[in-house]
Structure formats: structure tokens, C-alpha cells
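Q: Chains as they are written, first to last, in the numbering used here: chain A, 3 to 308; chain B, 5 to 509; chain C, 356 to 449; chain D, 10 to 366.
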């Protein structure tokens with residue numbers, strides 16, 4: 003039986019996509035410090051290479067290169083002939099998280115949940131430990147986001163994919179030009195994620211060389227409350243992490259909030275105050291999040307590496 | 005009567021041992037052709053003949069054109085046609101473009117080589133043994149100047165390729181068509197060679213100032229169609245890298261420079277060429293602006309990236325022994341703060357002062373680095389020579405913070421090894437290793453480790469990185485060699501620090 | 356597992372390997388590698404072990420290695436053999 | 010290289026890999042033709058597609074062609090010569106060939122490209138001063154030769170004949186008969202390419218049936234053709250019907266393979282060939298045969314070459330092209346005087362109602 007660490011304890015700002023057919027990337031991308039790496043068996047793998055990519059991903063998951071790293075694998079959609087084989091290939095190799103694309107309703111998640119249960123039994127994994135990340139890429143997926151997000155205890159996150167969603171909405175997605183067409187979908191999956199207490203990932207930004215546009219979009223989704231974003235190139239990791247890093251001032255204040263809370267608890271005070279203002283539980287929780295984020299971002303109060 | 009005869013007493017005791025004036029030498033100044041013919045000869049063959057080059061002599065070259073050098077093979081062809089054999093080929097470095105030297109070795113034209121490094125087929129053939137009658141002497145850039153100063157390496161003829169010079173031999177690398185920029189390595193040859201032959205593409209009007217190679221060191225001048233192809237000085241690597249691994253290593257290396265203890269106003273730095281090194285320079289510019297720190301000077305091979313920092317006012321002076329790209333080459337002309345240093349001034353341990361001794365920070369690379377931080381930049385782990393000693397051990401000896409950057413794994417070949425195949429730079433001169441898998445600090449430098457840790461930089465150990473590499477790659481089999489010594493590695497002071505043995509076939 | 360048809364898996368890109376299999380009455384394995392000096396023996400061991408695990412006792416197997424890590428070589432051998440045998444993988448045995 | 014360094018890091022080459030379909034992309038093909046010309050190469054008519062590398066502005070930097078199972082017509086602009094781009098082009102060609110069911114490929118190129126192709130999994134079969142032929146498996150030729158060796162016949166003097174037999178005539182039969190009379194055993198190879206008026210299977214059948222009438226029994230072995238003998242791979246010009254400088258180089262590869270691989274496997278000591286008054290390509294082939302089989306300093310025993318004068322009927326040499334002309338003009342009576350019974354029967358079936366061509 004293989005036990006897995008709960009993904010909720012980890013930072014999850016960045017999810018780096020890697021084509022499951024690319025041997026060089028599967029051999030090297032662990033060094034870039036993405037919070038999650040996602041091996042893709044879906045869009046980036048041609049139909050011709052589905053079989054060999056599955057084998058490559060299976061072997062990669064079992065290899066010492068990826069030992070101890072919780073890897074996400076994007077399988078092909080449920081209604082494709084590849085789904086079952088993909089799932090078996092990755093669960094038999096002990097995958098941590100399965101990203102299911104094209105999710106339109108909660109039934110799909112329950113189906114995946116059941117399949118995972120069967121395969122976990124078959125291959126000796128601890129039942130229920132394989133987590134699910136649902137990607138919604140359609141109007142119905144967005145509308146059903148809450149049901150999807152709460153459909154299984156395996157759910158660790160929900161993600162938006164813009165290309166198909168925009169087409170479904172009779173529009174197009176051009177991140178550099180405008181993001182208003184994604185506004186509703188972003189809000190919808192965010193609400194679903196917060197209701198379900200799971201992570202929420204934004205769309206990819208395809209133009210690797212447009213750092214400015216990328217950062218503009220990152221600023222928008224950070225403000226909205228996203229946990230992170232799907233990435234298509236390692237070069238996007240550092241700018242993303244920097245953008246998500248709290249400022250030294252924010253970190254300092256967070257430490258003071260936590261210290262005040264600890265002090266209040268110690269002396270048995272029910273009410274916590276800092277600088278004459280009341281601090282309630284959500285503020286304390288937010289302060290803990292900021293400190294965690296600062297720790298993974300390398301930010302120190304006394305101005306260290308940024 | 006010209007009025008000078010009879011003025012000097014022939015028997016004055018006071019003049020004992022002095023030679024009386026015997027009349028002026030016939031003047032060439034009036035005759036333009038005669039003036040020109042003093043040095044300018046019609047062909048390489050004529051230059052070789054007039055130089056008196058004979059069997060067993062030493063000929064020397066510079067490698068400022070790197071992969072674009074066209075001179076060495078031209079000269080060897082002429083030398084062979086003249087029936088001269090058994091030469092020592094002393095180039096400041098040899099590159100992949102010199103594969104045809106193999107034939108000259110086989111035919112007995114070349115029998116000894118002094119160089120900073122080798123690559124391509126020449127390197128592979130020599131590494132397999134049985135080709136060169138005597139092992140290659142591999143020296144550093146500073147070490148070459150020292151070998152010349154000591155007299156061990158004393159070229160009979162230096163053939164120095166320049167894009168243009170005047171008829172007296174005033175030359176620089178910044179005029180004419182094929183500009184290579186600095187002529188820092190060539191300056192040593194011009195200083196020590198018995199006969200200096202400038203091979204130029206063009207003779208321009210006197211005086212071709214500012215001259216780098218000066219007329220008083222030049223014996224002969226020969227015009228050829230091409231001496232080098234400057235577009236191949238930095239083949240493929242002129243633009244900033246987009247390779248994410250290079251960028252990752254560069255960012256970490258920049259963190260180390262920023263927090264390693266020498267990032268203060270007026271500091272000095274050398275970064276080298278290649279994707280990661282160029283990226284370090286770019287990142288460093290951002291950090292300097294953010295922190296309000298300016299560098300006093302930068303040394304070594306100068307790149308366009310470094311020129312950009314200079315022009316933004318972030319680096320005060322550029323001391324250029326070798327221009328790594330055309331931007332650097334042209335900057336020499338327009339930026340008064342960008343000046344040339346000779347290999348001797350740059351790095352020679354025999355010089356009365358060498359710039360490396362004033363250097364604060366150097367970024368270096370490695371083909372292999374062992375658990376004792378010893379570095380190999382000459383041989384691959386398959387035992388074949390494929391790199392160059394360069395200024396590695398010179399700068400490592402001088403600089404106060406020596407940062408080696410390298411990917412931990414190059415297509416399954418771990419960079420960290422138990423024992424380097426060939427020792428170029430002793431580990432006691434290396435402070436920090438930056439890889440894509442993490443940063444580690446030489447245990448001999450606890451202060452550096454503390455500073456990095458205090459800044460929040462995660463520091464691991466070289467043993468941990470080594471273990472990780474083995475876990476991923478498997479353990480590579482040690483290279484099998486024969487007893488034949490094909491290379492002698494000279495440390496910068498001229499001592500022998502290691503030997504390269506032939507790879508068993 | 357018996358190789359019925361010619362098949363290929365993998366690529367010639369750096370860090371990958373190209374494996375080619377053909378039907379034959381004997382087992383022949385040819386390996387060339389850019390890291391032959393350091394890892395030739397280990398690669399041959401991995402290939403033989405994978406063929407053994409897949410029950411391949413005859414066929415012509417050629418491996419063109421471009422510095423692939425062990426897991427890549429395993430996957431490429433599996434891929435070529437399964438394609439050549441027109442078979443589906445047994446995930447428990449791989 | 011670097012002053013302080015000794016190392017350079019490879020940069021991305023920045024090329025985009027694409028395809029030019031020779032049948033559909035006239036503009037792309039013209040660009041390819043230009044690039045080939047700049048490298049001193051011609052554009053072969055049988056190339057179906059080219060993998061191409063272009064820079065960001067769309068300028069063609071390198072190309073690699075696929076003609077059937079042969080990779081050829083490789084060229085690149087001076088600034089991109091190197092293994093990286095060739096590797097990517099080759100990968101694309103391998104993928105495209107694989108989609109068409111071709112996994113066993115040959116490469117026909119200049120000797121200077123040999124090392125690069127060997128780095129891409131190809132193995133050299135034959136080399137001349139102008140060309141090298143390679144295949145992408147270490148087992149191809151060796152397996153073929155091992156198969157041939159099982160068909161060895163005993164004897165001191167062993168003959169070899171290669172026929173296209175398009176279709177089999179009395180002329181071919183005469184050549185076989187003469188050769189057999191001088192040898193202890195004779196191996197007859199029938200060209201395997203489907204590039205002639207009669208398909209390979211038909212030509213092979215007509216040879217076998219036509220020779221059966223000679224009653225030579227076990228003395229003669231008729232081999233189906235292979236990729237290693239007068240094929241598009243070993244002798245492209247035979248099929249391109251072209252008369253340029255490559256004619257000799259290409260024949261040299263074919264003949265070298267015959268001498269170094271095929272003949273030793275079967276113990277062939279003598280090669281027989283008809284005199285060739287009509288086809289210039291075949292005539293050139295015969296002329297080179299003597300050099301490559303009997304004289305060239307190769308690592309294989311020399312083979313004696315015998316030119317056998319053509320059989321004449323009605324005062325004119327019998328040839329397959331004469332038969333095809335007779336067939337085209339509907340003169341079966343004339344054809345009947347040129348071909349053995351099985352060939353005639355086949356030709357009659359072609360001109361019978363419902364099979365008219």
C-alpha cells in the first residue's frame with residue numbers, strides 16, 4: 003500500500019504542463035520548482051503517440067526522477083477511447099492527482115471516483131488517496147461548478163480551460179486583448195472552490211514570450227482569489243511565484259496578527275486585538291496563509307531573497 | 005663633403021669603445037614602394053621564407069576569431085608546401101574548425117601543440133592516442149603568458165591575424181572588415197615572438213591608431229583575402245538564451261552573487277560567455293539597479309550583455325582580453341571606458357600585476373566537478389578532450405568569490421563526480437557550485453554559506469547533489485584509458501597539475 | 356510476447372531513445388548510444404530486462420539511445436514491443 | 010572558447026519544422042528546388058514530400074525528402090549546418106513514413122553526411138566517392154544475406170543474373186540458358202520494384218514459369234528482388250530514367266552491395282549480363298559493372314563479368330521494350346516470336362476483352 007501526502011498542505015500557485023510524450027521534459031522539469039507538474043496525455047499528445055506516451059508517463063511516475071513528487075496527470079476525457087487506458091496506466095504507477103478535462107457535470111466526477119476506487123484496489127493503492135482535479139471547459143461545466151467541486155471527497159481542485167469554453171460561449175479567447183469574457187466563469191469556479199474548500203486554478207497563458215500580458219493576467223486572477231494558474235513553460239514559474247509572493251510588509255503584519263492571536267489564546271482572551279483593532283478568525287486564517295506563502299516564496303521580513 | 009667627416013677624434017681616450025658615425029643609412033622615406041616593401045610582402049610563402057622558419061620551430065597564433073579562424077590552416081598549408089616539418093603549433097586556443105590539423109600531424113608538419121584547449125575531431129583524434137608524437141601542453145590564458153615569459157614557449161614566428169593594419173604594422177581589431185575586437189591574446193605573441201608576421205585583410209593609411217599591436221613589434225605584413233569570419237566568434241549564442249534551465253541556473257547564480265558578500269558599490273566581476281553566463285549578466289543588471297549597487301569594472305571575455313551594463317552606467321570599466329561577440333567588438337571603438345588588456349595583464353602569474361588578482365567575483369563553468377570541488381573544463385566524462393582550460397584556474401586563483409555554474413546532468417551524464425577526469429582548477433579555489441538542482445558551498449568557505457543561508461538561499465551539500473544525480477542517471481562507468489599520455493595540463497604557474505591519458509578504444 | 360510486425364517507438368531527440376523491432380526467429384539486440392562509454396552496459400541490461408519481462412524471446416531489437424534516462428529506455432522498449440506484438444500492456448507486469 | 014569558461018551552452022535553434030507535399034505545394038517545392046540547387050543537388054521526381062525547417066520569417070533553411078522508403082535530397086543553408094536541425098527533420102520524416110506504414114527506411118546522400126545519419130540510427134551499406142547508402146536498422150542487410158545463404162548451391166563456379174524481365178522474353182531465357190551452361194549453379198534475381206509495366210509478382214512468375222521449360226531443375230534458383238538489388242534505394246537512376254552525374258554513383262552503390270554482401274552469401278563467382286544497345290541507363294550500368302565487380306579494391310573477392318550478346322529474332326535484338334511495343338500496337342503474332350509460352354499466355358489474357366489496357 004502506498005500512502006500519499008495530502009495535496010492541501012502544499013502551495014499550489016503553479017501547475018506546469020508537460021507533454022506526456024516528451025522524454026526530455028519528463029526527465030528534467032522537476033528542477034524548475036513548480037508547485038505541481040502535470041504530465042499531459044490529452045491535447046499535447048497526438049493520437050499516434052497516445053500509447054507510447056501512456057507508457058512513458060507510467061514509467062516516469064515510477065522512476066526515481068519523480069519519487070516523492072506529487073505529480074498530476076491529465077488523462078483524456080471520459081468520452082474518449084483513451085480514458086480507461088490512461089487511467090489504468092497512471093493509477094497502476096501510483097499517480098497522486100488525476101486531472102480530468104472536459105468535465106460538464108458531477109456525474110463525470112462520480113464516475114471517475116468509482117473507476118479510481120476499482121483501480122486503487124487492483125493495484126494496491128490506499129483506497130481514496132488518488133485525488134481529482136476537474137477542468138471545466140464549457141458553459142455547463144461552469145454552471146455546474148459547485149456540484150462538480152463537491153461531487154467527491156477526492157476533489158483537490160477545480161480549473162478553468164479557456165479555449166473550448168470561449169467557443170462554447172460563441173466567443174474567442176485572446177488573453178492579451180481582454181479577459182472580460184472569462185469573468186463569469188472565473189467567478190463561478192472560484193465560488194465553487196471556496197464552497198468545496200479546494201484549490202482553484204486559472205487558465206494557461208499561451209504566449210510564453212509575452213511576460214507583460216502574463217503578469218497582467220496574473221494580477222487579475224490573484225486579486226480575484228485564485229490559488230494559482232496552469233503554465234505551459236518553466237519560464238512562467240518565477241514571474242508567477244514572484245507575483246503571488248506577499249510583500250515584506252504583508253508578511254510582517256501577518257506575523258504580528260498570529261503573535262497577537264497566540265498571545266490572546268495564552269491569556270485566555272476570547273477577543274484578539276492588534277493596534278486597537280479587532281481581529282477575527284478569518285483574519286487569522288488569512289495571516290497563516292500569508293506566512294505559508296511567504297515561506298514557499300522565500301520572502302523574509304528582513305529583506306532577503308525575493 | 006657632407007660636413008660630418010673629420011669631426012670626431014679617432015684617438016681620444018674618452019671615446020674608447022664607441023663607434024664613430026659612418027654616414028646615414030640610405031633613406032626609404034622618399035620612395036613609397038620601398039617604404040612599403042620594408043615590411044609588406046606579397047604572399048604568406050614569402051613571409052614564411054623571410055621569417056627564417058625552419059624544421060622544429062614554433063609558430064604561434066591567437067584565437068580571437070574562435071570558430072571563425074581561417075589563418076592556422078592557411079599557414080600550415082604554406083608551411084607544408086615549403087617542406088618545413090616538425091613544428092610546434094602554439095595557438096592561444098584551438099577549436100572545432102581546426103579539424104584539418106590532424107592531417108598536418110599525420111604528415112609530420114606539426115609534432116607538438118601548446119594550446120588552452122581543443123574540441124571537435126582534432127581533440128577526439130588526439131585523445132584516442134597514437135597521433136601526436138608528444139603530448140599536447142594544455143595551459144591557461146595566464147599560464148601561456150607565463151610560459152612565454154619563462155622562455156619555455158618562445159615562438160620563432162607569430163602569425164597574427166588582423167582585419168587591418170598600416171604599412172608599419174599598427175593594428176587593432178576594430179578597423180577593417182573582419183573585426184574581432186580585442187587582441188589581448190595576440191599581444192603576448194607580439195611581445196615574445198622572435199618574428200612577428202601580421203596577416204591582414206587590408207593595409208590602411210598610417211597611422212592606424214589607436215594601435216593595439218604596435219609597429220615596433222612587427223616584422224612582416226602579408227595581405228590575404230580573409231583571416232577570419234567574425235560571425236563565427238560566438239556561433240549561435242549572441243542572443244539572450246530562452247533555455248529555461250540556463251535561466252534557472254543563472255537566476256540562482258545571481259542570487260549567490262548578490263548575497264555572497266561582495267555585492268557592494270565598486271565591486272568587480274567576470275562572467276564569461278554562453279547562455280547561462282550571459283543570463284547572469286542580464287539578471288545582475290536588474291539586481292544592481294534594484295539595490296543601487298554599481299560595479300567598478302568587469303573583466304575577461306566581454307559580451308554584448310556586459311557592454312549593455314556598461315552603457316547603462318552599471319559597470320564603470322570593461323577590461324577586455326577577448327571580445328565574445330560583435331557588440332563587444334564594436335563597443336571598444338565607441339566606449340572609452342572599454343579597453344583592451346593583454347593576456348599577461350589579464351591573468352599571468354609571472355606579470356608584475358594581473359587583473360585577476362583584483363577580481364571580486366567570477367562566474368565559471370564546469371564539465372565536471374568533484375566532491376572536493378576540483379573542476380574539469382577540458383575532458384568529457386568519456387575521456388575525450390572537448391573544452392578549454394581558458395582563464396578558469398587564473399580567475400579562480402584570483403577572485404574572492406568563485407561561483408561555478410553547471411547543470412547537474414547533461415543528457416544522462418552527471419556533472420558531479422567522485423573524482424574529476426582531468427584536474428584544471430583545484431577545489432580549494434572554488435567557493436560555490438550552482439546547479440539546476442540546488443546550490444552548495446565549499447566547506448572551506450563557511451562564511452559564504454552563512455551569508456547565503458542568512459539571505460534565505462537554500463543551500464545543500466555537494467554530496468546530496470551527487471547522490472541525486474546518481475539516483476537519476478545511474479552510476480557512469482569510469483573511462484578506460486591506456487598508459488599513453490596525450491595531454492599535459494599545466495597549472496598557471498607552469499607546474500604540471502595533471503595528465504590526460506589516451507582513451508582505450 | 357511475439358513480435359508480429361515491424362514497429363517503432365520513441366524519437367531521436369536528445370534524452371530520448373528510438374527503439375525498432377522486427378519479427379525474426381532469433382533474438383538479436385543492437386544498441387548504439389551517445390553515452391556508450393559511460394552507460395552502454397547499463398542500457399543493454401535495461402533492454403534485456405524489459406524484453407525478458409515482456410516475454411520476448413525472438414525478434415530484432417535495435418535501440419538508438421540519445422542519452423535517455425533508464426525509465427525512458429524502458430518505456431520505449433515496451434512501446435515498440437507492444438506495437439510490434441499488437442498487444443496491450445499488462446500494467447501490473449511493466 | 011570562452012576566456013574564463015571553456016563551455017558554451019547550446020541555444021535553441023529557433024527553426025520551425027514543416028512539410029512540403031511535392032504533389033500539392035508548388036510554391037514550397039520551388040523553394041526546395043532552390044535550396045537543393047544552392048547545394049549543388051537536383052530535385053528528384055520521385056520525392057513525395059519534404060520535411061522543412063524555416064526561420065521565423067518563413068525562409069527555408071533546410072530540407073529532407075522522402076521517396077518511397079528512401080530518404081534523400083538533404084540540403085541546408087550554410088548557417089544551419091549541424092546535427093540539431095537534421096535530427097528534427099529526420100524525426101518528422103520518420104513520423105510521416107511511419108504513418109504510411111514504412112518503418113524500414115534507406116537514406117541516399119553525400120558521403121559527408123554519413124556521420125550525421127549514423128548518429129540518427131542509420132547504418133552504411135555502401136559508399137562511393139559521391140554517395141553513401143544507409144538503412145535505418147542494423148539488421149536489414151544482415152538478415153537478408155542470412156536468408157540468401159540458406160539458398161546456396163554447391164559448386165565451384167556459381168553464376169548470378171539480375172533481370173527486370175518486363176516481361177520475360179526469349180532474350181532473357183537465352184541469357185539464363187547461356188549462363189547456366191557455364192556454371193555449376195545460377196542465381197537469377199528478378200527486380201522487385203513495382204515501377205515497370207508489369208508488376209513484380211507477375212514478372213517473377215513469368216520468369217519462373219519461362220525457365221521451368223529449360224528443365225534446369227535445382228541448378229537455377231530464381232530469387233524475388235529485394236531492396237538491396239536494383240531497387241529505388243540502391244539504384245535510383247534506373248527508375249528515374251535520368252542522365253546526370255549521379256548515374257554512376259548510384260550504380261556503384263548497387264554493384265558494391267552485390268559484390269560485398271549478396272555474392273559472398275551465395276558464393277557467386279561470375280555475373281552475366283546481356284549487351285545493351287537500347288537503354289542508356291542499363292548500358293551505363295553494364296559499363297560500370299566490370300569496374301565494381303571485377304576491379305574495384307573492395308573487401309570482397311572479385312567477380313568475373315560476362316557480357317552475353319543479345320539473342321536476335323528477325324534480324325533484331327530481342328528486348329522487353331520491343332515486346333511492349335508489339336503489345337501496344339496489337340501485333341500479338343510478332344510478340345509470339347519473342348516470348349516463351351507462359352509470357353505469351355499472360356499477354357493474351359491482357360488483350361482479351363475486358364482486360365484491354
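C-beta: ideal position from N, C-alpha, C; glycine also.
All values reported here derive from a predicted model rather than from experimental measurement.
Tell me, please, whether the CB atom of residue 390 (chain C) is closer than 9 Å to any CB atom in chain B?
A: yes
Q: Sort D:319, D:89, D:171 by Cα distance to residue 68 (chain D) and report the nearest one.
A: D:89
Q: Check whether the stretch 172-181 of chain D touches the stretch 345-355 of chain D, taking contact to mean three or more Cβ pairs, one atom from each stretch, closer than 8 Å.
A: yes
Q: Under the three-state reduction of DSSP, which class applies to residue 109 (chain B): helix, strand or coil?
A: Reduced to three states, the DSSP call for residue 109 (chain B) is helix.
Q: Do residue 491 (chain B) and residue 483 (chain B) have their CB atoms nearer than 9 Å?
A: Taking a C-beta distance under 9 Å as the contact criterion, residue 491 (chain B) and residue 483 (chain B) do not qualify as a contact pair.
Q: For the candidate residues A:69, A:137, A:90, whose alpha-carbon lies nearest to that of residue 53 (chain A)?
A: Of the candidates A:69, A:137, A:90, A:90 places its Cα closest to the Cα of residue 53 (chain A).
Q: For the beta strand (DSSP E) that contains residue 164 (chain B), what are its first and last residues?
A: Residues 161-166.
Q: Residue 278 (chain D) and residue 111 (chain D) - do their beta-carbons sit closer together than 9 Å?
A: In this structure, residue 111 (chain D) keeps its C-beta atom at 9 Å or more from the C-beta atom of residue 278 (chain D).
Q: At a CB-CB cut-off below 7 Å, which residues of chain D make contact with residue 366 (chain C)?
A: 100
Q: Have a look at A:182, A:175, A:132 and flag the residue whose alpha-carbon is nearest the alpha-carbon of residue 92 (chain A).
A: A:132
Q: Work out the CA separation of residue 343 (chain B) and residue 479 (chain B) for me, nearest whole Å.
A: In a straight line, the C-alpha of residue 479 (chain B) is about 47 Å away from that of residue 343 (chain B).
Q: Starting from the Cα of residue 123 (chain D), find the closest Cα among D:80, D:159, D:109, D:282 and give me that residue.
A: D:80
Q: Can you tell me whether residue 128 (chain A) is helix, strand or coil according to DSSP?
A: coil
Q: Look at the alpha carbon of residue 152 (chain A) and the alpha carbon of residue 14 (chain A), and state the distance between them as a whole number of angstroms.
A: 19 Å
Q: Would residue 423 (chain C) pass as an interface residue toward chain B - the criterion being a Cβ-Cβ separation below 9 Å?
A: yes
Q: Assign residue 243 (chain A) to buried or exposed, taking buried as 16 or more other Cβ atoms, counted over all protein chains shown, within 10 Å of its Cβ.
A: buried
Q: What did DSSP end up calling residue 240 (chain B) once you bin it into helix, strand or coil?
A: Residue placement at residue 240 (chain B) cannot be trusted, given a pLDDT of 41 that sits under 50; what the coordinates show is reported in the next sentence. Residue 240 (chain B) falls in the coil class under three-state DSSP.
Q: Would you mind stating whether residue 302 (chain B) and residue 250 (chain B) have Cβ atoms separated by less than 9 Å?
A: no
Q: Considering residue 169 (chain D), what are the terminal residues of the beta strand (DSSP E) in which it resides?
A: It spans 167-172 - the beta strand (DSSP E) in which residue 169 (chain D) sits, taken as one unbroken run.
Q: Suppose contacts are defined by Cβ-Cβ distances below 9 Å. Is residue 160 (chain A) in contact with residue 202 (chain A) by that definition?
A: Yes, the Cβ-Cβ distance between residue 160 (chain A) and residue 202 (chain A) is below 9 Å.
Q: Let me check one thing: in DSSP terms, what residues is residue 301 (chain B) bridge-paired to?
A: Its beta-bridge partners are B:272, B:321.
Q: When the Cβ atoms of the stretch 357-368 of chain B are set against those of the stretch 88-108 of chain B, are three or more pairs found closer than 8 Å?
A: No contact exists between the stretch 357-368 of chain B and the stretch 88-108 of chain B.
Q: Give me the chain A residues within the contact set of residue 360 (chain C), using Cβ-Cβ distance strictly less than 7 Å, ordered along the chain.
A: Going along chain A, no residue has its Cβ under 7 Å from residue 360 (chain C), so there is no contact; the nearest lies around 14 Å.
Q: Quick one: does residue 440 (chain B) have its CB under 9 Å from some CB of chain A?
A: yes
Q: Buried or exposed for residue 306 (chain D), going by 16 or more other Cβ atoms inside 10 Å?
A: exposed
Q: Does the beta-carbon distance from residue 62 (chain D) to residue 50 (chain D) come in below 9 Å?
A: no
Q: Mind checking whether residue 311 (chain B) and residue 322 (chain B) have CB atoms under 9 Å apart?
A: The Cβ atoms of residue 311 (chain B) and residue 322 (chain B) lie closer than 9 Å to each other.
Q: Can you check whether the C-beta of residue 364 (chain B) is within less than 9 Å of a C-beta belonging to chain C?
A: no
Q: Report the partner residues of residue 95 (chain B) according to the DSSP bridge assignment.
A: Looking at the DSSP assignment, residue 95 (chain B) forms a beta bridge with B:65.
Q: Does the Cβ of residue 169 (chain A) have 16 or more other Cβ atoms within 10 Å, making it buried, or fewer, making it exposed?
A: exposed
Q: Who are the near neighbours of residue 12 (chain B) in its chain, counting only those whose CB is closer than 6 Å to its CB and skipping five residues on each side?
A: 24
Q: Could you name the residues of chain C that residue 85 (chain D) contacts, counting a contact when the two beta carbons are closer than 8 Å?
A: Near residue 85 (chain D) there are no residues of chain C at all, since even the closest Cβ is about 17 Å away, more than 8 Å.
Q: Taking 9 Å as the cut-off, decide whether the C-beta atoms of residue 318 (chain A) and residue 165 (chain A) are in contact.
A: No answer is possible for residue 318 (chain A): it lies beyond the span of chain A, which begins at 3 and ends at 308.
Q: Could you tell me how far apart the beta carbons of residue 143 (chain D) and residue 157 (chain D) are, in whole angstroms, since I believe they sit closer than 8 Å?
A: Beta-carbon to beta-carbon, residue 143 (chain D) and residue 157 (chain D) are separated by about 20 Å, too far to satisfy the 8 Å threshold.
Q: Who are the neighbours of residue 372 (chain C) on chain B, taking C-beta pairs under 9 Å?
A: The premise fails here: residue 372 (chain C) is roughly 11 Å from chain B at the closest Cβ pair, so nothing lies under 9 Å.
Q: Looking only at C-alpha atoms, which of B:119, B:59, B:147 sits nearest to residue 399 (chain B)?
A: Measuring from the Cα of residue 399 (chain B), the nearest candidate turns out to be B:147.
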